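Note that the sequence shown covers residues 292 to 805 in the working numbering. For reference, the structure is listed below as structure tokens.
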Amino acid sequence: MTDPCETLAFDQTRLDKVRALREKGIDLYPPTFDRKNTIADIRTKFAGITHEKSEESVSTAGRLYIIRNHGKTIFADLGDENGKIQLYIRKADLGDEAFDFFNQFIERGDFVGVTGHVFRTKLGEITIWVDTLTLLSKAVCSLPEKFHGLTDVEKRYRQRYVDLIVNDDTRQGFRNRSRILSSIRRYLTERDFLEFETPILQPVYGGANARPFTTFHNCLGQKLFLRIAPELYLKRLVVGGFERVFEIARNFRNEDIDTHHNPEFTMVEIYWAYHDVYDMMDLTEDFLATLVQEVHGSHEIKFEDITISFNKPLHRLSMADAVKEYAGIDIFAHSVDELRALAVQNRLKDTDKPQTQREFLVYFFENMVEEKLVQPTFIYDFPVENSPLAKRHRTKEGFTERFELFIYGMEIANGFSELNDPIDQKERFEAQDRKRQLGDLEAQMIDYDYINALGYGMPPTGGVGIGIDRLVMLLTGNNSIKEVILFPSMKSVQAEGEEAAGKDKPGTEPASKN
292 MTDPCETLAF DQTRLDKVRA LREKGIDLYP PTFDRKNTIA DIRTKFAGIT
342 HEKSEESVST AGRLYIIRNH GKTIFADLGD ENGKIQLYIR KADLGDEAFD
392 FFNQFIERGD FVGVTGHVFR TKLGEITIWV DTLTLLSKAV CSLPEKFHGL
442 TDVEKRYRQR YVDLIVNDDT RQGFRNRSRI LSSIRRYLTE RDFLEFETPI
492 LQPVYGGANA RPFTTFHNCL GQKLFLRIAP ELYLKRLVVG GFERVFEIAR
542 NFRNEDIDTH HNPEFTMVEI YWAYHDVYDM MDLTEDFLAT LVQEVHGSHE
592 IKFEDITISF NKPLHRLSMA DAVKEYAGID IFAHSVDELR ALAVQNRLKD
642 TDKPQTQREF LVYFFENMVE EKLVQPTFIY DFPVENSPLA KRHRTKEGFT
692 ERFELFIYGM EIANGFSELN DPIDQKERFE AQDRKRQLGD LEAQMIDYDY
742 INALGYGMPP TGGVGIGIDR LVMLLTGNNS IKEVILFPSM KSVQAEGEEA
792 AGKDKPGTEP ASKN
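Put into structure tokens, the structure is as follows:
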């Protein structure tokens, strides 16, 4: 097993300085500092400053990024959340003892507080002429090389805190994510939707076809699941009388990790009583157009080398028409045997799995169409077999009133006319459960309490779930989901050591086979 201490990046030279400072009785980590000005405040207030020192003093704090020593003077860059400013430190102003203390013990990465006056250097740089300097936090790990920042992708994801310290683009990207989430909340609350919080630990998982994470509650003495979607609980609220509800939810699915998938991810799910799948397409369309306009000032964005347009109306195609247009296959003009031969001809995998025309429809769509849907496109009319929570189509036998929105080959949204017939729901859950019993790890369980809730009556309702992480990828120009999740799921260094040793962690039970 890997010793966790071996993963620490403590620098011995810095540890020696910590020991020396403590022997001197110096507090390396004081509890507070009277910061009267942020760096952004100083830059704004003194934007017109000349070479003369300001009469007004300032007090600010932050992390030291660059230190340039010129003997009896030092220039340093101080940074806080919103920017950096130059410090000018003179031995004549600070005094011999304080200046020598800085030279001997202060390094890049340390937090300091300073007071002083503002002036503009001959090179035009707004600078603080330092009068006093206080060590606020001694860093015992060294920052990456100052000119190149942190470029190791693996380390950027594992140690996001370092990535945020040294890469301004990373910090700005997550600032944008926070603002996007605020915009989503504002859009929905301005339209009278109420935000609720539903359970993450659930006795029955549901709301999507996915393999769950399992845990055990010692007090209750029962197995619980991390939610794969908040859907069934939000619809319980509609049963209870709330007509416009949403949740920005963290979901957990025990699935593969790639550029579009992370086991822990964020969605917004929205339910609207007395509306249907077509209303939810309209809502999603307006939601995205409004958000893109707010973030980019336009309904068009650049993603890699493609211009993506969110101008309304967005393109809409039935799944059958999409397969016909993009794959050249008219599903219902062929027998099952002919469709299987076409699958073999196109060198697709698992050609033995689909058993009906509708199953082949989904099969060809997923294998030959999805990745070609670059511009925002609503795909609607899904077969009933893979839509256990959607209402049956009002005119097309064997289909449901369901849509998915694809952008740049990624599924961004999934919406229904919600199934509110408790008898039909029970039968569909039972069909899913039969698949689960036969080994389908992504099939849904039977949620009898949810069926019971529908038995009390749910009004006609439209619902949609929108993937926040993939949406942020598009809006911030990132092609990997790990770039927009602060702490993406990765195998820990300790876990890798355990796997190599062929040992389980002490005190844990074997993983469930379910």
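Ideal Cβ placement from N, Cα and C applies to all residues, glycine included. For clarity, every value in this text was computed on a predicted model and none was experimentally measured.
- Per DSSP, the beta-bridge partners of T418 are Q377, F410.
- Looking at the DSSP output, P674 sits in a beta bridge with F690.
- Pairing R305 with A430 gives a Cβ-Cβ distance under 8 Å.
- Judged by DSSP in its simplified three-state form, L777 adopts coil rather than helix or strand.
- Between the alpha carbons of F507 and H551 lies a gap of roughly 29 Å.
- In this structure, F393 places its C-beta atom within 8 Å of the C-beta atom of I365.
- DSSP places S469 inside the alpha helix (DSSP H), whose first and last residues are 459–480.
- K514: member of the beta strand (DSSP E) spanning 513–517, first to last residue.
- In chain order, F366, A367, D368, L369, T412, E416, I417, T418, I419 place their CB closer than 8 Å to the CB of Q377, counting only its own chain and leaving out the 5 sequence neighbours on each side.
- The Cβ atoms of V755 and A704 lie closer than 8 Å to each other.
- L582 is the residue among D325, A744, P490, L582 whose C-alpha sits nearest the C-alpha of F601.
- For the set P667, L434, D454, the Cα lying nearest the Cα of L579 is the one of P667.
- Here F533 carries a coil assignment [DSSP, helix/strand/coil].
- Cβ contact annotation for D738 (same chain, cutoff 8 Å, sequence separation greater than five): V495, G497, L523, F720, in chain order.
- When DSSP states are grouped into helix, strand and coil, D643 belongs to the coil group.
- Of E709, L485, E702, S469, the smallest CA-CA separation from D567 is found for E709.
- With respect to the C-alpha of I757, the residue from S780, N743, E702 having the closest C-alpha is E702.
- Per the C-alpha coordinates, the member of E688, K782, I670, M749 positioned closest to K615 is I670.
- When the five nearest sequence neighbours on each side are left out, the beta carbons in the same chain lying within less than 6 Å of the beta carbon of E733 are those of N500, A501, R502, in order along the chain.
- F537 is positioned such that its CB atom lies closer than 8 Å to that of E486.
- If the five residues before and after K663 are omitted, its C-beta is found closer than 8 Å to the C-beta atoms of Y617, G700, all from its own chain and listed in chain order.
- Contact between S780 and N553 holds, since their C-beta atoms are separated by about 6 Å, short of 8 Å.
- In this structure, DSSP gives L605 a state outside helix and strand, which the three-state scheme calls coil.
- Taking all protein chains in view, the Cβ of P490 is surrounded by fewer than 16 other Cβ atoms within 10 Å, so the residue is classified as exposed.
- Within the same chain, G464, N467 come within 6 Å of T767 by CB-CB distance, once the 5 residues on both sides are set aside.
- Annotated three-state conformation of F337 is coil, per DSSP.
- Counting only runs of 4 or more residues that sit fully inside the region 520–582, the alpha helix (DSSP H) segments are 522–530, in chain order.
- For D724, no beta strand (DSSP E) run applies; the uninterrupted alpha helix (DSSP H) run containing it begins and ends at 713–728, by DSSP.
- Assigned with DSSP and collapsed to three states, G400 falls in coil, not helix or strand.
- For D760, the enclosing alpha helix (DSSP H) begins and ends at 759–767.
- Bounds of the alpha helix (DSSP H) holding A632 are 627–636.
- Around the beta carbon of D454, 16 or more other beta carbons sit within 10 angstroms, so the residue counts as buried.
- Under DSSP, the beta-bridge partners assigned to C432 are F301.
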